[in-house]
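*Asks:* Quick one: the structure is below, questions incoming.
In my numbering, the protein residues as written are 978 to 1125.
Okay, here's the thing in structure tokens:
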């Protein structure tokens, strides 16, 4: 059994944003292998997202994005379970990025939006990862794109 140091746990937490104890458990399970621990956390956070999927999302955020040339824009509503998460910086950044994507790509519906690339992944996988990190269900409820 490998010795798990606080610096290893800290490094894994910085890479994954997972809770400290989850990082420690992952390192213990993988005998200190950082790459395997990252993958294990991704799987665990993904299962956390699927468990949260059935919970009601009645709070959230509506945001507006307008392109620099003021010729296109978007309004996006993303819901979460509590008002605390609606004020979370990671949640707010996600909603803002989604609004920008809608304005730039004009997806047909929420399903098409979920498949668009965002930060090296898809919108859906970024959403699922955020659910795993924060622990609350989040849904992209609706959006509207405008163009002049």
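Even for Gly, the Cβ is constructed at its ideal location relative to N, Cα and C.
#1: How would you label residue 1033, buried or exposed, when you count the other beta carbons within 10 angstroms and need 16 or more for buried?
#2: Are the segment 1057-1070 and the segment 1082-1089 in contact at 8 Å, needing three or more beta carbon pairs?
#3: Could you tell me if residue 998 is buried or exposed, where buried requires 16 or more neighbouring beta carbons within 10 angstroms of its beta carbon?
#4: Over what stretch of residues does the alpha helix (DSSP H) that includes residue 1103 continue unbroken?
#5: Give the DSSP-derived three-state secondary structure of residue 1019 in the structure shown.
#6: Within a Cβ cutoff of 8 Å, which residues of the same chain sit near residue 1150, ignoring the five residues on either side of it in sequence?
#7: Ends of the beta strand (DSSP E) at residue 1119?
#8: Closest to residue 980 by CA distance: which of 1002, 1059, 1078 is it?
#9: First and last residue of the alpha helix (DSSP H) that includes residue 1079?
#10: Let me confirm a value: residue 1041 is counted as buried when at least 16 other C-beta atoms fall within 10 Å, else exposed. Which label applies?
#11: What does the Cβ neighbour count give for residue 1047, buried or exposed, with the cut at 16 atoms within 10 Å?
*Replies:* If we stick to the structure as given:
#1: The sequence position of residue 1033 within the chain shown is 56, counting from 1. When all chains shown are included, residue 1033 counts as exposed.
#2: no
#3: If you number the chain shown from 1, residue 998 lands on position 21. Exposed: under 16 other Cβ atoms inside 10 Å.
#4: Against the chain shown, residue 1103 aligns to sequence position 126. Residue 1103 -> alpha helix (DSSP H) spans 1100-1111.
#5: In the chain shown, residue 1019 corresponds to position 42, counting from 1. If DSSP states are grouped into helix, strand and coil, residue 1019 belongs with the helices.
#6: Residue 1150 lies beyond the residue range present for the chain, which begins at 978 and ends at 1125; the question has no answer from this structure.
#7: Against the chain shown, residue 1119 aligns to sequence position 142. Looking at the DSSP string, the run of the beta strand (DSSP E) that includes residue 1119 is 1115-1124.
#8: As a first step, residue 980 must be located in the chain shown, where it is residue number 3. Ranking the options by Cα distance to residue 980, first place goes to 1002.
#9: Here residue 1079 refers to the residue found at position 102 of the chain shown. That run of the alpha helix (DSSP H) goes 1066-1082.
#10: Taking the chain shown and counting its residues from 1, the one referred to as residue 1041 is at position 64. Its Cβ having fewer than 16 others within 10 Å, residue 1041 is exposed.
#11: Against the chain shown, residue 1047 aligns to sequence position 70. Exposed: under 16 other Cβ atoms inside 10 Å.
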